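Shown next, in C-alpha coordinates, is the structure this report addresses.
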Amino acid sequence: MPEGRYGTPRRSLPRWARWSLPVIAVLVGGVVAWVGYRNLGTMPVEAKQTAFEVRGDSSVEITFEVVRQTPDQPVVCIVRARSQDGDEAGRREVLVEPGAGTVRATTVLRTSKPPVTGEVFGCSYQVPAYLSTR
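Numbers given in my numbering equal positions in the sequence shown, counted from 1, plus 12.
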(Lines of atoms letter the chains of each structure in order from A; the text may use other names.)
(Lines give C-alpha, C1' and ligand atoms only; values in the text may rest on other atoms or scores of the structure.)
Protein backbone atom coordinates (compact mmCIF):
# COMPACT_ATOMS: atom_id res chain seq x y z
CA MET A 13 0.00 0.00 0.00
CA PRO A 14 1.26 3.45 -0.79
CA GLU A 15 2.24 5.49 2.30
CA GLY A 16 -0.42 7.93 3.50
CA ARG A 17 -2.99 6.96 0.92
CA TYR A 18 -5.42 5.25 3.33
CA GLY A 19 -4.56 7.11 6.54
CA THR A 20 -2.96 5.68 9.60
CA PRO A 21 -3.58 2.01 10.31
CA ARG A 22 -6.15 1.22 12.99
CA ARG A 23 -4.77 0.58 16.43
CA SER A 24 -5.67 -2.87 17.72
CA LEU A 25 -7.46 -3.42 21.02
CA PRO A 26 -5.36 -4.06 24.09
CA ARG A 27 -4.94 -7.70 25.02
CA TRP A 28 -7.13 -7.42 28.17
CA ALA A 29 -10.01 -5.96 26.13
CA ARG A 30 -9.87 -8.79 23.60
CA TRP A 31 -10.70 -11.41 26.24
CA SER A 32 -12.78 -9.32 28.67
CA LEU A 33 -15.38 -8.09 26.15
CA PRO A 34 -16.53 -11.61 25.19
CA VAL A 35 -16.64 -12.59 28.88
CA ILE A 36 -18.84 -9.57 29.67
CA ALA A 37 -21.09 -10.40 26.71
CA VAL A 38 -21.53 -14.00 27.94
CA LEU A 39 -22.31 -12.79 31.48
CA VAL A 40 -24.91 -10.29 30.22
CA GLY A 41 -26.45 -13.01 28.04
CA GLY A 42 -26.60 -15.34 31.05
CA VAL A 43 -28.38 -12.71 33.16
CA VAL A 44 -30.90 -12.05 30.36
CA ALA A 45 -31.55 -15.80 29.99
CA TRP A 46 -32.01 -16.22 33.77
CA VAL A 47 -34.46 -13.30 34.00
CA GLY A 48 -36.38 -14.65 31.01
CA TYR A 49 -36.61 -18.10 32.54
CA ARG A 50 -37.79 -16.70 35.89
CA ASN A 51 -40.50 -14.64 34.20
CA LEU A 52 -41.53 -16.97 31.38
CA GLY A 53 -40.49 -20.42 32.66
CA THR A 54 -42.65 -22.96 34.39
CA MET A 55 -45.08 -21.54 36.91
CA PRO A 56 -44.91 -22.78 40.52
CA VAL A 57 -48.74 -22.83 40.65
CA GLU A 58 -50.98 -23.47 37.65
CA ALA A 59 -54.76 -23.20 37.64
CA LYS A 60 -57.17 -24.15 34.91
CA GLN A 61 -60.89 -23.42 34.80
CA THR A 62 -62.77 -26.65 34.17
CA ALA A 63 -66.37 -25.41 34.29
CA PHE A 64 -68.60 -22.46 35.04
CA GLU A 65 -72.35 -22.15 35.41
CA VAL A 66 -74.22 -18.85 35.34
CA ARG A 67 -76.75 -18.89 38.19
CA GLY A 68 -79.07 -16.04 37.33
CA ASP A 69 -78.26 -12.34 37.00
CA SER A 70 -76.13 -12.02 40.11
CA SER A 71 -73.85 -15.05 40.49
CA VAL A 72 -71.73 -17.62 38.70
CA GLU A 73 -70.33 -20.94 39.94
CA ILE A 74 -66.72 -21.56 38.91
CA THR A 75 -64.90 -24.90 39.11
CA PHE A 76 -61.15 -25.01 38.61
CA GLU A 77 -58.16 -27.31 39.09
CA VAL A 78 -54.87 -26.36 40.76
CA VAL A 79 -51.51 -28.07 40.20
CA ARG A 80 -48.54 -26.86 42.27
CA GLN A 81 -44.87 -27.68 42.66
CA THR A 82 -45.15 -27.64 46.46
CA PRO A 83 -48.30 -29.63 47.31
CA ASP A 84 -47.92 -29.20 51.09
CA GLN A 85 -48.46 -25.42 50.89
CA PRO A 86 -51.83 -23.66 50.60
CA VAL A 87 -52.40 -21.28 47.69
CA VAL A 88 -54.78 -18.44 47.02
CA CYS A 89 -56.48 -18.20 43.63
CA ILE A 90 -58.32 -15.19 42.26
CA VAL A 91 -61.44 -16.00 40.27
CA ARG A 92 -63.50 -13.46 38.39
CA ALA A 93 -66.67 -13.09 36.38
CA ARG A 94 -67.17 -10.99 33.29
CA SER A 95 -70.30 -9.34 31.96
CA GLN A 96 -71.52 -9.15 28.36
CA ASP A 97 -69.54 -5.95 27.69
CA GLY A 98 -66.31 -7.56 28.94
CA ASP A 99 -66.17 -5.66 32.23
CA GLU A 100 -65.20 -7.47 35.38
CA ALA A 101 -68.49 -8.10 37.18
CA GLY A 102 -67.06 -9.81 40.25
CA ARG A 103 -63.85 -11.01 41.85
CA ARG A 104 -63.03 -13.29 44.75
CA GLU A 105 -60.01 -14.83 46.46
CA VAL A 106 -60.31 -18.57 47.09
CA LEU A 107 -58.09 -20.46 49.54
CA VAL A 108 -56.99 -23.84 48.18
CA GLU A 109 -55.79 -26.09 50.99
CA PRO A 110 -52.67 -28.27 50.61
CA GLY A 111 -53.18 -31.45 48.63
CA ALA A 112 -51.18 -33.83 46.48
CA GLY A 113 -51.66 -33.97 42.74
CA THR A 114 -54.44 -31.98 41.13
CA VAL A 115 -56.83 -30.26 43.53
CA ARG A 116 -60.32 -29.32 42.33
CA ALA A 117 -62.12 -26.34 43.86
CA THR A 118 -65.59 -24.87 43.31
CA THR A 119 -66.85 -21.47 44.43
CA VAL A 120 -69.88 -19.27 43.86
CA LEU A 121 -69.09 -15.68 42.93
CA ARG A 122 -71.57 -12.83 43.39
CA THR A 123 -71.58 -10.26 40.59
CA SER A 124 -72.54 -6.62 40.14
CA LYS A 125 -73.79 -7.18 36.56
CA PRO A 126 -75.31 -10.22 34.86
CA PRO A 127 -72.35 -12.57 34.26
CA VAL A 128 -71.63 -14.40 31.02
CA THR A 129 -68.41 -16.18 32.02
CA GLY A 130 -66.28 -17.15 34.98
CA GLU A 131 -62.52 -17.65 34.93
CA VAL A 132 -59.42 -18.11 37.05
CA PHE A 133 -57.27 -14.98 37.00
CA GLY A 134 -54.24 -16.53 38.74
CA CYS A 135 -52.85 -18.24 41.85
CA SER A 136 -50.05 -17.60 44.33
CA TYR A 137 -48.38 -19.13 47.38
CA GLN A 138 -48.63 -15.72 49.11
CA VAL A 139 -51.82 -16.37 51.08
CA PRO A 140 -53.13 -13.26 52.91
CA ALA A 141 -53.42 -13.57 56.70
CA TYR A 142 -57.20 -13.11 56.60
CA LEU A 143 -57.53 -16.25 54.44
CA SER A 144 -54.97 -18.37 56.27
CA THR A 145 -56.15 -21.18 58.53
CA ARG A 146 -52.77 -21.60 60.25
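Idealized CB from N, CA, C, for every residue including glycine. Just so we're clear, the structure is a prediction, and the values are computed from it rather than from any experiment.
Shortest alpha-carbon distance to residue i belongs to which of the options?
i: residue 90; options: 117, 19, 126 and 110; result: 117
i: residue 139; options: 132, 98, 108 and 112; result: 108
i: residue 105; options: 86, 97 and 112; result: 86
i: residue 134; options: 144, 22 and 79; result: 79
i: residue 67; options: 39, 136 and 119; result: 119
Go through its chain and collect everything with a Cβ distance to residue i's Cβ below 6 Å, but skip five positions before and after it.
i: residue 93; result: 72, 101, 102, 121, 123, 127 and 130
i: residue 65; result: 73
i: residue 125; result: 95 and 101
i: residue 75; result: 62, 63 and 118
Measure the Cβ-Cβ separation of residue i and residue j and say whether it is below 9 Å.
i: residue 77; j: residue 115; result: yes
i: residue 62; j: residue 137; result: no
i: residue 33; j: residue 88; result: no
Could you tell me which residues DSSP puts in a beta bridge with residue i?
i: residue 127; result: 95
i: residue 118; result: 75
i: residue 64; result: 74
i: residue 30; result: Residue 30 is not bridged to any residue.
i: residue 90; result: 105 and 134
Using C-beta distances below 7 Å, list every residue in its chain close to residue i, excluding the 5 sequence neighbours before and after it, in chain order.
i: residue 24; result: none
i: residue 110; result: 83, 84, 85 and 86
Ignore the nearest five residues each way along the sequence and tell me which others in residue i's own chain have a CB closer than 8 Å to its CB.
i: residue 56; result: 80, 81, 82 and 137
i: residue 99; result: 125
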